[in-house]
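Working notes, beginning with the structure itself.
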Amino acid sequence: MHEMDGKRLRELISAESIADRVTELGHALTRDYQESGRNLVLVGVMKGSVIFLSDLCRKIALPCMIDLIGIASYGDEAKSSGVVKITSDLSNSIEGKDVVVVEDIIDTGLTVSYLLENLKTRQPRSVKVCALLSKPERTIVKVPIDYLGFTIPDQFVVGYGLDFAQRFRNVPFIGVVEGHAD
Ligand code: 5GP
């Protein structure tokens with residue numbers, strides 16, 4: 000148990016386990032995008048994926064570009080409504096590119112499914128999804144996750160980029176906030 004910022008965090012996935020898995024994902028991407036030339040673009044979904052993205056990209060031994068997209072759910076911030084808006088768009092065109100969407104966590108799947116529909120209208124050569132975490136018990140929209148770090152139970156997690164009211168993003172492990180009712 001870790002005391003942090005006035006809350007008790009129970010460690011679910013250690014920093015070491017995350018590092019090992021991120022290295023494996025980087026190797027898988029390196030293998031699969033060997034033929035992509037200079038077309039690979041990692042699209043990080045802000046803000047939750049930025050730490051995962053920064054570690055992952057350094058495990059990919061290929062030329063690749065990085066871009067970021069900001070997304071917000073309409074309505075209650077804590078719950079996905081499925082109605083999503085882009086709050087900050089990509090800085091470059093993805094036409095003809097091999098896009099890998101880098102997500103922190105797939106919960107209901109609503110956010111990433113909206114994002115995939117949106118990105119596909121921009122004529123990329125391919126679009127795949129790489130997520131650090133997935134909570135399959137909560138799936139509403141089934142989205143193929145091409146690269147997945149860990150499957151976790153239906154619990155609200157923080158750390159390694161994931162927040163609770165903008166806090167805990169810099170916690171190096173993935174933890175559960177004790178007493179947090181989802
Ligand atoms: P979805 O649309 O798949 O339901 O929601 C995905 C988004 O909800 C994630 O990108 C993340 O911002 C947020 N989210 C879902 N589950 C959790 C969680 O356990 N912890 C945190 N910090 N955010 C979550």
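Numbering (numbering that gives the first Met the number 0), first residue to last: 0 to 181.
Here a beta-carbon is modelled for each residue, glycine too, at the ideal position from N, C-alpha and C.
Every value quoted in this text rests on a predicted model; they were computed, and no experiment measured them.
query = If we count the other Cβ atoms within 10 Å of its Cβ and call it buried at 16 or more, is T110 buried or exposed?
reply = buried
ask   = Whose C-alpha, out of G95, L52 and V44, is nearest the C-alpha of V183?
value = No answer is possible for residue 183: the residues shown for the chain start at 0 and end at 181.
request  = Please name the residue in T29, V101, E34 and C129 whose C-alpha comes closest to that of V42.
outcome  = V101
query = Between the Cα of R137 and the Cα atoms of L131, Y146, F155 and V126, which residue gives the shortest distance?
reply = F155
Sufficient close CB pairs (3 or more, under 8 Å) joining the region 144-152 to the region 114-123 = no
task = Could you work out which residue in F51, P62, G69 and D153 is closest to A14 when comparing CA atoms only?
result = F51
inquiry  = For V126, tell me which candidate among V142, I12 and G69 has the shortest Cα-Cα distance.
reply    = V142
request  = Pick out the complete beta strand (DSSP E) segments inside the region 96-123, 3 residues or longer, and give them in chain order.
outcome  = 97-105
task = Please classify D31: does DSSP put it in a helix, a strand, or coil?
result = helix
query = What three-state label does DSSP hand V156 in the structure shown?
reply = strand
task = Within 10 angstroms of the Cβ of G178, are there 16 or more other Cβ atoms? Answer buried if so, exposed if not.
result = exposed
inquiry  = Let's see if you can read the secondary structure: which residues bound the alpha helix (DSSP H) around I50?
reply    = V49 to C56
ask   = Is I59 near ligand 1, with its Cβ less than 6 Å from a heavy atom?
value = no
key: Nearest to V99 (by Cα), restricted to the options R124, T107, D88 and T120   = R124
message = To the nearest angstrom, how far is the alpha carbon of D88 from that of D4?
response = 32 Å
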